[in-house]
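Note sheet for the following structure.
Residue numbers (my numbering): 1 to 382.
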């Protein structure tokens, strides 16, 4: 699972720093007898635009939904920069008389709280009257790995062998016979002599050929790790979610107040103990419970707490929390997900594991609620 990692400390800060740069041509503002240099008015305008670029850069780094929110409040920032920009530091400035162009780079300190208030005020839900604001509930489950059962690879091997034999035999037989005869006459006698020679040969020529082939193969079967989770108490995070969603302009109702015979928080926790998805019957119960109480939106999610480790920079304990969250719209006959966030990881540090875990959970809850609210504002949900 690819995730974005953020530190807990900046997430909770209400003041952020950003940098911006702006270049402005002053060709048209220089008279025939004027000195070729940027006037104070040109410098002031370039400085304001550079500060605005810094704000835009901050929103661009925050994500797509936040960048869209910047477009909605751009005019407000231009009208009253002092409300949103606490101070401006000039990093560099260049006046090029040849090109008649003035360039300035600045670092600004942003009042994030006022920026967020401006975004929320300009959103559809922010513009709605108090009685028109939509009700919203939420269920977020904090959990940590309780056990993980892994399996060895199952290996199957196969070997096929074959043999082929061929041969031939040839019989050979030869027979040879020779005869010699002779006769001699002498002293009134006749003598006859003869000889016969016989030779016989038998033999067999044998040839043989054998071929052996072998083929091997097999397969390896892997089984995913079975992971079970234990649910961590997260009642102290409820106020974080209530505050963030309320600031976004929604009428927030805690889920414990709208439980029904079918919709139970315990059922959601039970599903998240064994996996990352809610069972179909649980989803149907959530939808029925929200419709029964006329609550159009419910935020659902998990806060997965990692193991503590030593922070290499501070030497303190460090814990990471991964967030997966979505907002469910139950106003339609078939409920649907309107916005989703995650997986996003946030880290918290502290002298003890408990404090580090608490800081990470607060950062994760705050940022998840803020991101969901921003995306809902971008979509015009109210």
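All residues carry an ideal CB built from backbone N, CA and C; glycine is no exception. On a predicted model such as this, the values are computed, not experimentally measured, just so you know.
Q. Does DSSP put residue 307 in a helix, a strand or coil?
A. Residue 307 sits at position 307 when you count from the first residue of the chain shown. Note: residue 307 maps to coil in three-state DSSP.
(Q) Could you compute how far the alpha carbon of residue 346 sits from the alpha carbon of residue 330? (A) Locating residue 346 in the chain shown gives position 346, counting from the first residue. Locating residue 330 in the chain shown gives position 330, counting from the first residue. Computed Cα separation, rounded: 29 angstroms.
(Q) Is it the case that the stretch 230 to 248 contacts the stretch 106 to 125, given that we only count it when at least three CB pairs across the two stretches are under 8 angstroms? (A) yes
Q.
In whole angstroms, give me the CA-to-CA distance for residue 381 and residue 369.
A. By 1-based counting over the chain shown, the position of residue 381 is 381. By 1-based counting over the chain shown, the position of residue 369 is 369. For residue 381 and residue 369, the distance between alpha carbons rounds to 15 angstroms.
Q | Three-way DSSP call (helix, strand, coil) for residue 343 in this model | A | Indexing the chain shown from 1 puts residue 343 at position 343. Three-state DSSP puts residue 343 in a strand.
Q. Helix, strand or coil for residue 249 per DSSP?
A. Here residue 249 refers to the residue found at position 249 when the chain shown is read from its first residue. Residue 249: coil per DSSP, three-state reduction.
Q. Are the CB atoms of residue 349 and residue 316 nearer to each other than 8 angstroms?
A. Position 349 of the chain shown, counted from the start, is the residue given in the question as residue 349. Position 316 of the chain shown, counted from the start, is the residue given in the question as residue 316. Contact flag set, yes.
Q. Residue range of the beta strand (DSSP E) that residue 357 falls in?
A. Here residue 357 refers to the residue found at position 357 of the chain shown. Residue 357 -> not in any beta strand (DSSP E); alpha helix (DSSP H) instead, spanning 353 to 379.
Q: Please determine if the stretch 235 to 244 and the stretch 282 to 290 are in contact, where contact requires at least 3 C-beta pairs separated by less than 8 angstroms.
A: no
Q: Have a look at residue 259 and residue 276 and give me their C-alpha separation to the nearest angstrom.
A: Here the question's residue 259 lines up with position 259 in the chain shown. Here the question's residue 276 lines up with position 276 in the chain shown. So the alpha carbons of these two residues sit roughly 22 angstroms apart.
Q.
Determine whether the beta carbon atoms of residue 240 and residue 362 lie at a separation below 8 angstroms.
A. Position 240 of the chain shown, counted from the first residue, corresponds to residue 240. Position 362 of the chain shown, counted from the first residue, corresponds to residue 362. Going by C-beta atoms, residue 240 is nearer than 8 angstroms to residue 362.
Q: Specify the secondary structure class of residue 289 as computed by DSSP and reduced to three states.
A: Here residue 289 refers to the residue found at position 289 when the chain shown is read from its first residue. Residue state, collapsed to three classes: helix.
Q: Figure out for me which residue from 328, 293, 352 and 242 has the closest Cα to the Cα of residue 307.
A: By one-based count along the chain shown, residue 307 stands at place 307. Per the Cα distances, 352.
Q | the stretch 337 to 344 contacting the stretch 370 to 380, beta-carbon criterion three pairs below 8 angstroms | A | yes
Q. Any idea what DSSP makes of residue 314, helix, strand or coil?
A. The residue you call residue 314 lines up with position 314 of the chain shown. Reduced to three states, the DSSP call for residue 314 is coil.
**Q.** Proximal residues to residue 304 (C-beta, below 7 angstroms), its chain only, five neighbours per side dropped
**A.** Locating residue 304 in the chain shown gives position 304, where the first residue counts as 1. Within the same chain, residue 304 has close Cβ partners 143, 321 and 322.
Q. Exposed or buried, what is residue 86 when buried is set at 16 or more other beta-carbons lying within 10 Å of its beta-carbon?
A. Numbered from 1 along the chain shown, position 86 holds the residue referred to as residue 86. So residue 86 counts as exposed.
**Q.** One or two residues paired with residue 25 in a DSSP bridge
**A.** Your numbering for residue 25 matches position 25 in the chain shown. Answer by DSSP bridge pairing, in chain order: 101.
Q.
Closest to residue 92 by C-alpha separation, out of 26, 105, 58 and 38, would be which residue?
A. Within the chain shown, the letter at position 92 stands for residue 92. The option with the nearest alpha carbon to residue 92 is 105.
Q: Going by DSSP, name the residue or residues bridged to residue 262.
A: Within the chain shown, the letter at position 262 stands for residue 262. Residue 262 is not bridged to any residue.
Q) Can residue 16 and residue 112 be called in contact, C-beta distance under 8 angstroms? A) Translated into the one-based positions of the chain shown, residue 16 becomes position 16. Translated into the one-based positions of the chain shown, residue 112 becomes position 112. For residue 16 and residue 112, yes; Cβs fall inside 8 angstroms.
(Q) Considering just the uninterrupted stretch of the alpha helix (DSSP H) at residue 61, what are its terminal residues? (A) Position 61 of the chain shown holds residue 61. Unbroken alpha helix (DSSP H) run through residue 61: 40 to 62.
Q | Exposed unless 16 or more other CB atoms sit within 10 angstroms - verdict on residue 11 | A | One-based indexing of the chain shown puts residue 11 at position 11. Unreliable placement is indicated for residue 11, whose pLDDT of 40 sits below 50; no coordinate value is reported for it.
Q: Pick out whichever of 62, 29, 50 and 141 has its Cα sitting closest to the Cα of residue 324.
A: Against the chain shown, residue 324 aligns to sequence position 324. Considering only alpha carbons, the answer is 141.
Q: Out of 367, 332 and 319, state which residue places its alpha-carbon closest to the alpha-carbon of residue 357.
A: Mapped onto the chain shown, residue 357 falls at position 357. Of the listed residues, the one whose Cα sits closest to residue 357 is 319.
Q. Excluding five sequence neighbours on each side, which residues of the same chain lie with their C-beta closer than 7 angstroms to the C-beta of residue 51?
A. Sequence index remark: in the chain shown, residue 51 carries index 51 (1-based). Closer than 7 angstroms at the Cβ level, and outside the excluded window around residue 51, lie 20, 81, 85, 88, 106 and 108.
Q | Sub-8 angstroms separation of residue 23 and residue 101 beta-carbons | A | The residue labelled residue 23 in the question sits at position 23 within the chain shown. The residue labelled residue 101 in the question sits at position 101 within the chain shown. Contact flag set, yes.
Q: Would you mind reading off the limits of the beta strand (DSSP E) that contains residue 82?
A: Taking the first residue of the chain shown as position 1, residue 82 is located at position 82. Residue 82 -> not in any beta strand (DSSP E); alpha helix (DSSP H) instead, spanning 81 to 84.
Q | Sequence-distant residues of its chain with Cβ nearer than 8 angstroms to residue 296 (five each side left out) | A | Sequence index remark: in the chain shown, residue 296 carries index 296 (1-based). Contacts found: 134, 135, 136, 290, 329, 330 and 331.
(Q) Rounding to the nearest angstrom, what Cα-Cα distance links residue 230 and residue 354 in this structure? (A) Sequence index remark: in the chain shown, residue 230 carries index 230 (1-based). Sequence index remark: in the chain shown, residue 354 carries index 354 (1-based). Distance between the alpha carbons of residue 230 and residue 354: 16 angstroms.
Q) Just how far apart, CA to CA, sit residue 61 and residue 54? A) Numbered from 1 along the chain shown, position 61 holds the residue referred to as residue 61. Numbered from 1 along the chain shown, position 54 holds the residue referred to as residue 54. So the two alpha carbons sit approximately 11 angstroms from each other.
Q) Just the Cα atoms here: how many angstroms apart are residue 110 and residue 302? A) One-based indexing of the chain shown puts residue 110 at position 110. One-based indexing of the chain shown puts residue 302 at position 302. Approximately 31 angstroms, taken between the alpha carbons.
Q | residue 220 and residue 155 closer than 8 angstroms at C-beta | A | Reading the chain shown from its first residue, position 220 is the one you call residue 220. Reading the chain shown from its first residue, position 155 is the one you call residue 155. In contact: residue 220 and residue 155 (Cβ atoms closer than 8 angstroms).
Q) Tell me the DSSP bridge mates of residue 20? A) For the purposes of this step, residue 20 is taken as the residue at position 20 of the chain shown. Residue 20 pairs with 106.
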